[in-house]
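> Residues in the sequence shown are numbered consecutively from 2, following the numbering used here.
Quick one: the structure is below, questions incoming.
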Amino acid sequence: MSSESRDRMITAATRLLARDGLEGTSFSTVLAESGAPRGSIYHHFPEGKDQLVREAVEEVGRRFVTYLDSLTPATPLDAVREVTAVWRSVLENSRVTSGCAIAAVAVAGDTGPRAATGRIFAVWQGSISALLQRSGLNRPTSDAIAPMMIASIEGALVMSRAQESLTPFDSVVAQLERLVTTESS
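Here it is in structure tokens:
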């Protein structure tokens with residue numbers, strides 16, 4: 002069985018988790034979304050759904066860190082705008098029906114793959130702090146703002162989906178922009 006079908010299943014799982022949550026993501030929906038053959042599920046994911054979900058959230062985590070590490074913002078304001086632009090595009094491209102796969106798994110009742118989400122959020126926090134430092138903020142300030150940025154963005158994604166509007170997200174972004182502008186002056 003090809004690694005291409007495995008990659009397609011992981012990609013499908015990330016999309017489904019972001020849109021439908023852990024409960025709404027099943028092997029059947031992953032197969033339908035990915036077009037992978039039914040027999041490939043247990044070949045590629047012998048530990049079952051927990052393994053698929055864990056690998057999907059780890060992939061989302063890696064992609065976001067790679068993106069963060071590639072940024073070279075001139076100012077803290079640029080850093081906030083570049084980070085939040087990614088998540089706003091998730092909302093826009095999905096017509097406000099998708100959010101963050103990591104958060105979806107983190108709040109689900111299933112404790113199996115949830116452990117991976119805590120590690121991912123910790124790595125994101127470090128990457129965002131490093132990004133803010135590259136943009137000119139000092140380390141203590143960057144370390145303090147990074148978890149607040151993640152929590153604010155995740156909450157804004159949930160609120161925007163619930164209200165079917167970009168307004169909550171845009172309001173949070175405006176406050177994050179104001180915060181880093183104040184901290185950098």
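Even for Gly, the Cβ is constructed at its ideal location relative to N, Cα and C.
Helix, strand or coil: which one does DSSP assign to Ser-172?
Taking the first residue of the sequence shown as position 1, residue 172 is located at position 171. Here Ser-172 sits in helix by DSSP.
> Using three-state DSSP, classify Ser-27 as helix, strand or coil.
Counted from its first residue, the sequence shown places residue 27 at position 26. Coil.
> Taking Cβ positions only, does Arg-9 come closer than 8 Å to chain B?
Protein chains in the displayed structure number just one, and chain B is not present.
> To which residues of the same chain is Ile-42 closer than 6 Å at the C-beta, ignoring the five residues directly before and after it?
Start at 1 with the first residue of the sequence shown, and residue 42 comes out as number 41. Counting only Cβ-Cβ distances below 6 Å, and skipping sequence neighbours, we find Phe-28.
> Please look up how many angstroms separate the CB atoms of Ala-107 and Arg-115, rounded, as I've assumed it's under 8 Å.
On the sequence shown, residue 107 is found 106 positions in, with the first residue counted as 1. On the sequence shown, residue 115 is found 114 positions in, with the first residue counted as 1. That belief holds up - the Cβ atoms of Ala-107 and Arg-115 are roughly 6 Å apart, short of 8 Å.
> If you draw a straight line from the C-alpha of Arg-120 to the C-alpha of Val-181, how long is it?
As a working note, residue 120 is residue 119 in the sequence shown. As a working note, residue 181 is residue 180 in the sequence shown. The straight-line gap from Cα to Cα measures roughly 25 Å.
> Counting beta carbon pairs with one atom in the segment 77 to 89 and one in the segment 172 to 180, are three or more of them shorter than 8 Å?
In short, these stretches touch, since the Cβ pair count reaches three.
> For Thr-26, count the other beta carbons within 10 Å of its own beta carbon; 16 or more makes it buried, fewer makes it exposed. Which is it?
Here residue 26 corresponds to residue number 25 of the sequence shown, with the count starting at 1. Thr-26 should be labelled buried.
> Distance check for Arg-16 and Asn-94, CA to CA, integer angstroms please.
Start at 1 with the first residue of the sequence shown, and residue 94 comes out as number 93. Start at 1 with the first residue of the sequence shown, and residue 16 comes out as number 15. Roughly 12 Å separates the two Cα atoms.
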